[in-house]
Structures are given as C-alpha cells and as structure tokens.
Amino acid sequence: MPRRFPGILVAGAAAILAVALSVLYVIRSSPVHETPPPALAALIPEPAPKPLPATAFMDAQGRTRSLAAFKGRVVILNLWATWCAPCVRELPALGRLAEALGPGKVIIVAVNAGHDDAAATARFLKAHGAADLAGYRDPELSLLAAFGSQGLPFSVLIDARGREIARASGPMGWDDPAAVAYFKSLGAHAAS
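Sequence positions in the sequence shown follow my numbering and run 11 to 202.
Structure below.
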C-alpha cells in the first residue's frame, strides 16, 4: 500500500498558506490596517465600515456641503464648538495636523457645531491656532444628531470610499508625531 501521508501534508500546508495570504491581503487592504497610536487612543475602529449619513452642513461661503463630496480622500471629521473648552484646547493640534498633512489624500473637516456665522468661525479658528482649518459650520447640529453623538469634541474617521471606519468622543493628540505618521500612512494607502 503506497504512503500518501507526505502528499496530504503538502496539500494541507498549501491550503494553510493560501488562507494566511488571503487574511494578510484583507488586513493590508483594510482602511485601518494599523492600530492608531496612543495619542489617538480614543479613536475606536468600527467592526465593519459603515455608510455615512446624508446630512448637510455649510462651508465658509455658506454653500451646502455633504461628506460625500470628499469621497476619494481619507476624512477626519471633527465636530467642535466655541463654547466647548476641550474643543478649544484641541483646535491648535488639529491645525498643526492640517499643516503637517498639507494638501493630499487626507483632509480635516472641522465643523463648528454652534450658531456662529462664517466670519466669527474664521476669526475663532485663527485666534486659536487653527487658521489652516476651513470654516465649516453646522448651526442645525444635524451632524451630531446623525452620528448619535452625545457631546463634543466628536470625531469620525472616514475612508476614501466614503465609509465610517472609526470614531472618538473627546479630545485627542492630533499633532503627536506618531498620529501624523498614522494619518500619512492612511493617505498613502488611499492613493494606491
């Protein structure tokens, strides 16, 4: 009777290797392929990417915008308000992150969830070291309601396909060198 044991081992090893390579491909092609650094510890990945709400907000010129307009780029959506002390402390770090990232595949959409007009929002951002952030506004608080947020600051990480992949409640160290590297890596993967 011939021995088939070595053939079974080779076939089994090949099957295990194929599964391992498939898992590695899925992990590497996932929008959140790395664990966020400690400075972004509050950023909790979603178990599966989620569709975004079709909620409108305003840009600095008063035009209606939606998150769908940013598809093709990784978006850091940050909801803040002038009366929110943790938000105000966080704004300079968001401004430094925007400066470090520059124009490219990662964009910060910092939205004032208050009743300030465009000019007041722009002045506030400039006065708090965040002049590099666009003056988006949501005076109706529709983004807070759509995402089910109970407080500010509130952030959502959106992949280049326009899906929510992580969210955070509370301030974070956006400009920490490891955080900057993390977002640059996400942008590089979005470009490929």
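Glycine is no exception: its CB is placed at the ideal position from the N, C-alpha and C atoms.
Other residues of its chain near L71: CB distance less than 8 Å, five sequence neighbours each side excluded: Leu is not the amino acid found at residue 71; the sequence shown has Gln there. Cβ neighbours of Q71 beyond the five flanking positions: A128.
Give me, in chain order, the residues of the same chain whose beta-carbon lies closer than 6 Å to that of P59; leave out the 5 immediate sequence neighbours on both sides. R173, I175
Could you tell me the alpha carbon to alpha carbon distance between L87 and V190, rounded to whole angstroms? 16 Å
Measure the C-alpha to C-alpha separation of I168 and V85 and round it to an integer number of angstroms. 5 Å
Report the residue from D185, L53, A200, G197 whose alpha carbon sits nearest the alpha carbon of E109. D185
Does L167 come out as helix, strand or coil in the three-state DSSP assignment? strand
Y192 to P46 span [Cα, whole Å]: 7 Å
Exposed or buried, what is V29 when buried is set at 16 or more other beta-carbons lying within 10 Å of its beta-carbon? Any reading at V29 must be qualified, since the residue scores a pLDDT of 38, below 50, and its modelled position is unreliable; no value is offered.
Note down the Cα distance separating R38 from E44, rounded to an integer number of angstroms. Confidence at R38 is low in this model, with a pLDDT of 41, below 50, so its placement is unreliable and the value that follows should be read with caution. Rounded to whole angstroms, R38 to E44 spans 9 Å at the Cα level.
Please report the Cβ distance between P96 and G180, rounded to the nearest whole angstrom; I am assuming they are in contact, meaning their Cβ atoms lie under 8 Å. 7 Å
Pick from G139, T131, A141 that is closest to D148, judged by C-alpha positions: T131
Report yes if the CB atom of A123 is closer than 8 Å to the CB atom of L153, and no otherwise. yes
Please work out which residues of its chain come closer than 7 Å, Cβ to Cβ, to P102, disregarding the five sequence neighbours upstream and downstream, and give them in chain order. H138, G139, A140
Here's a check: name, in chain order, each residue in its chain whose Cβ is nearer than 8 Å to the Cβ of L31, leaving out the five neighbours to either side. For L31, the pLDDT reaches just 39, beneath the cut-off of 50, and the residue's location in the model is therefore unreliable, although a value from the coordinates is still provided. Excluding residues within five positions, none has a Cβ falling inside 8 Å.
Report all residues from its chain with a CB closer than 8 Å to the CB of L27; omit the five preceding and five following residues, and keep chain order. Below a pLDDT of 50, predicted positions are generally treated as unreliable, and L27, at 43, falls in that range; no measurement from the model is reported.
So is G161 buried or exposed if we call it buried at 16+ other beta carbons inside 10 Å? exposed
Alpha carbon to alpha carbon, what distance is there between P57 and A144? 30 Å
Rounded separation between R171 and A79 - CA only: 11 Å
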